[in-house]
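Only one structure is covered here, and it is reproduced in the block below.
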Amino acid sequence: MMRICCEPLVKAVMSTMNNWRSQSEKLDKSQMSVMEEACRLASITRWAGDHHSYLWKSGVDRLFLDLLVDNHTKIQKLQRELSVHDLITVVQESQSANLPLSFRPHLWDILGGLAANCPENIDLERHGNELRLSVLIICACSSFVNSVGALCQVSRDGPANMAECESATRAVLMMVYSPCKYISSLARSILCEILKSNGRDYVEYLLKILSRRLAGNKFGLPGNLEIVVTLMSLACYSSVPKYRKLIIKFQGMKTLVAFIMWWLNNPVRTKRGSMVPHLRDSFTERSCCVPCTEEWEGEDMLLLFGLWILAELLHHSADMGVHLSDSLEDFSEARLIQELQEICRKHNSHGSRWYAAYILCYFGIFGFPSKLGKRIGKSLGEKEHSDLKLDLANEESVYVHEVILTVRCPSLLPRRESVSKEKSSIGSNIKLCTERRSIKAVRLSAHVDQQSLLKLLEYVYLGYLQASKDLVKKLKIFARHCKLESLMQMLCRRNPKWDVPVPTFDLSPALGPAGEHFSNLLLESSTTEVVHWKCNSCCTWVPHLHVHKIILESSCDYLRALFQSGMQESHMQTIKVPVSWESLNKLVGWFYSEQLPEPTFDCIWDNMDPEEKFREVQSYLELCWLAEFWLIEDLHEECYKVVISCLDSSRYLSAKIIQIAANFSLWKLAQVAAEYMAPSYHHLRYSGELDALDSNLVEMVRAASVRLSQEGSHQFS
């Protein structure tokens with residue numbers, strides 16, 4: 001939508017806000033509502049896109065000056081003659097009192113989004129924005145410092161306007177860490193100047209707020225919003241050298257490590273929209289099946305900002321002769337590294353995973369550890385199923401797999417002739433697979449650094465690598481040549497950019513044209529219901545998927561044993577999998593991406609036909625059984641959770657699910673279904689709905705009903 005309607009939307013927003021500027025004191029209630037919606041629409045600045053350049057061209061900086069500052073034209077004329085201190089004083093005295101308090105959080109959010117997504121080398125001076133930008137940054141930093149004062153006040157005396165505190169603090173955070181060097185440098189210098197009067201006291205008090213949260217005293221315990229503002233404030237302070245030293249001096253690193261460990265043991269999950277009122281609107285509260293864009297900070301905001309501060313302190317700790325080990329009294333360095341790697345592997349927010357990976361750089365670990373990468377990494381150097389041998393100058397060789405290099409780092413592959421686009425018959429396809437067993441050898445130049453190459457292959461196969469400082473310099477050359485941008489960012493230790501998604505370890509492209517040439521196995525479903533089928537790679541008319549043994553066996557011990565057994569089955573070109581076609585596609589998708597598509601329990605689910613819901617759950621039951629049979633624990637656990645969620649959302653499915661679960665010998669799921677049926681046991685028995693079940697399942701439901709009634713009687717006794 002933004003690509004199609006970008007310019008008209010920006011014009012509409014600017015027109016509405018300009019109209020407000022000209023008659024702010026005359027707007028009635030309905031006009032104020034329109035203005036509020038315009039502000040909410042303008043908050044699209046938190047996402048990157050062309051709308052940023054349109055907003056700058058439309059004079060968003062001039063508009064915001066009119067709203068925030070009185071007589072800003074006069075200030076701009078004097079600006080070049082005033083010192084930074086005098087300019088700050090003049091701007092603070094001229095801040096507008098006409099702007100309603102309810103709109104200020106919106107303006108700070110918009111400004112913060114503009115700063116966070118401003119290009120690195122934009123020439124603001126050439127565009128004439130630098131003078132207005134200085135005044136806007138002063139306004140934001142002044143509001144932030146007042147917010148810190150209010151935070152200390154609310155901690156002592158009671159509530160304050162925490163919504164504006166949060167948005168002003170967030171705006172300054174986006175400014176001081178902006179990818180635009182001009183904005184970040186200017187914001188840090190202005191913030192340092194404004195903080196001169198009481199910055200030291202505020203740093204100490206902010207750290208005390210965190211310490212109180214760690215102590216766990218119920219009396220006066222700070223709330224989630226207060227903690228979020230505290231952490232963002234400390235992140236802002238950490239950007240200024242003077243106050244970064246103070247944080248370290250006041251045992252800030254020790255407090256931050258303890259806080260991160262506390263959160264990992266007691267995860268407090270909350271979304272920003274649930275904490276600050278200006279983000280709530282009637283549409284969002286009513287909508288339930290509109291796909292929502294995942295926010296970069298997600299639900300683990302406390303973890304993200306804790307990691308952010310620790311990363312910034314670590315980034316400069318060597319210059320100050322400070323070592324993290326001095327702050328790890330209660331935790332070992334090995335445990336911290338392990339926890340950071342787990343954050344990268346788990347389904348945390350993009351922001352938390354970025355900053356966990358950023359901190360890992362300081363321990364010589366570069367990249368994003370993942371469960372799939374851990375499994376695929378075991379195949380690095382193994383001759384089994386490899387189709388390429390890299391001969392090094394010292395006469396050593398490394399066996400690799402073209403399909404993995406094609407997806408993860410095609411620059412490492414030698415040039416090859418294009419594959420014929422003609423479809424192969426079944427027989428010729430088998431012949432191609434047989435021919436592919438021969439391993440191609442590539443002689444590498446003596447100029448190729450062996451250690452760097454092996455480390456780069458480590459990154460390709462595992463998703464991360466470990467390297468010393470001396471080796472990092474050589475790896476940068478490799479990473480730049482191979483266009484591995486995320487690795488390059490880690491090796492250079494550049495701050496994560498707001499709202500940039502984490503690079504995923506995803507081998508799914510190998511299922512398309514890029515990887516079909518390397519396929520050495522076909523998977524077919526034992527119960528195919530697909531009527532229309534056409535394969536772009538071969539002439540086999542039975543629905544199938546072209547897959548790669550090396551990827552399948554990396555995640556499945558059963559298939560590894562099958563492929564390496566030496567028996568007849570290990571040489572088969574086609575395997576029939578005893579699940580439906582829908583389940584087979586989910587299974588293969590999980591093998592290649594570790595992603596399992598899950599139902600969304602919204603209006604779409606609620607309005608589905610019961611039979612359609614049952615078919616949806618049945619595919620997960622099939623996979624749950626197959627995962628148990630094939631010894632794939634992670635997939636089994638995921639499918640189990642999905643089935644439980646479906647039963648929780650639609651309990652009436654239990655009567656059908658319990659029999660299917662029993663047929664698959666999934667007794668744990670059958671027991672759960674029985675417990676869901678327990679409250680309706682007598683109704684189900686008299687209606688005859690239990691007659692279709694096996695007698696042992698009926699007894700399972702009856703026993704669950706008896707337990708339920710006994711628990712109820714104990715509660716009232």
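Quick note: the UniProt record's numbering has the sequence shown finishing at residue 717, numbered continuously throughout. No residue lacks a Cβ here, since even glycine has one placed at the ideal position from N, Cα and C.
- With respect to Glu166, Val276 sits close: the two C-beta atoms are nearer than 7 Å.
- In this structure Met35 is buried. Its beta-carbon is surrounded by 16 or more other beta-carbon atoms within 10 angstroms.
- Its Cα nearest to that of Lys469, the residue Arg493 stands out among Val460, Val448 and Arg493.
- Per the coordinates, the alpha-carbon of Tyr681 lies some 41 Å from the alpha-carbon of Asp300.
- By the criterion of at least three beta-carbon pairs nearer than 8 Å, the segment 532-552 is not in contact with the segment 609-624.
- As a beta-bridge residue in DSSP terms, Gly367 pairs with Tyr464.
- Ranking Ser197, Ala150 and Leu133 by CA distance to the CA of Tyr182 puts Leu133 first.
- Short of 6 Å from the beta carbon of Leu521, and not among the five residues preceding or following it, lie these beta carbons of its own chain, in chain order: Val547 and Lys549.
- When DSSP reads this structure, Ser397 sits in a beta bridge with Asp391.
- Val642 sits away from Glu582, with the two beta carbons spaced by 7 Å or more.
- Apart from the 5 residues on each side of it in sequence, Asn495 sits with its Cβ closer than 7 Å to the Cβ of Tyr177 in its chain, given in chain order.
- Ranking Ala171, Leu340, Leu372 and Lys613 by CA distance to the CA of Val229 puts Ala171 first.
- In this structure, Asp391 lies away from Ile439, with their beta-carbon atoms at least 7 Å apart.
- In the three-state reduction of the DSSP assignment, Lys483 falls in the coil class, being assigned neither a helical nor a strand state.
- For a cut-off of 8 Å, the C-beta gap from Leu690 to Val701 is around 7 Å, short enough to register as a contact.
- Under DSSP, Ile575 forms a beta bridge with Leu523.
- The way I'd put it, the segment 569-577 doesn't touch the segment 392-404; fewer than three beta-carbon pairs between them come closer than 8 Å.
- Sixteen is the threshold: when 16 or more other Cβ atoms of the shown chains lie within 10 Å of the Cβ of His52, as they do, the residue is buried.
- Relative to Met261, the option among Arg280, Trp296, Gly223 and Leu304 whose CA is nearest is Leu304.
- At a Cβ-Cβ threshold of 7 Å, Trp296 and Gly351 count as neighbours.
- Here Glu611 is exposed. Its C-beta has fewer than 16 other C-beta atoms within 10 Å.
- The beta-bridge partner set that DSSP reports for Gln95 consists of Val69.
- For Ala674 and Ala704, the gap between their C-alpha atoms comes out near 6 Å.
- Put simply, the backbone Cα of Cys6 is about 12 Å away from that of Thr45.
- Every alpha helix (DSSP H) stretch that sits fully inside the segment 236-323 and reaches 4 residues is listed by chain position as 241-249, 252-265, 282-286 and 301-317.
- Sixteen is the threshold: since fewer than 16 other Cβ atoms of the shown chains lie within 10 Å of the Cβ of Asn266, the residue is exposed.
- Within the same chain, and ignoring the five residues on either side of Arg269 in sequence, the residues whose Cβ sits closer than 7 Å to its Cβ are Glu299 and Asp300.
- Contact check for Glu553 against Leu559 passes: the beta carbons are separated by less than 7 Å.
- The C-beta distance from Leu405 to Val460 rounds to 7 Å, short enough to meet the 8 Å contact threshold.
- Non-local C-beta neighbours of Ser325 in its own chain, meaning closer than 8 Å and more than five positions away in sequence, comprise Glu333, ordered along the chain.
- A direct Cα-to-Cα measurement between Phe363 and Ile309 gives close to 17 Å.
- Under a 10 Å Cβ-count criterion, Ala441 is classified as exposed, with fewer than 16 other Cβ atoms of the shown protein chains found around its own Cβ.
- By the Cβ-count criterion, Ser695 is exposed, with fewer than 16 other Cβ atoms from all chains shown falling within 10 Å of its own Cβ.
- Counting other Cβ atoms within 10 Å of its Cβ, Leu584 reaches 16 or more and is therefore classed as buried.
- Taken atom to atom, the span from the alpha-carbon of Val91 to that of Thr73 is near 11 Å.
- Looking at Ser30, Leu191, Val240 and Gln564, the one whose alpha-carbon comes closest to that of His385 is Gln564.
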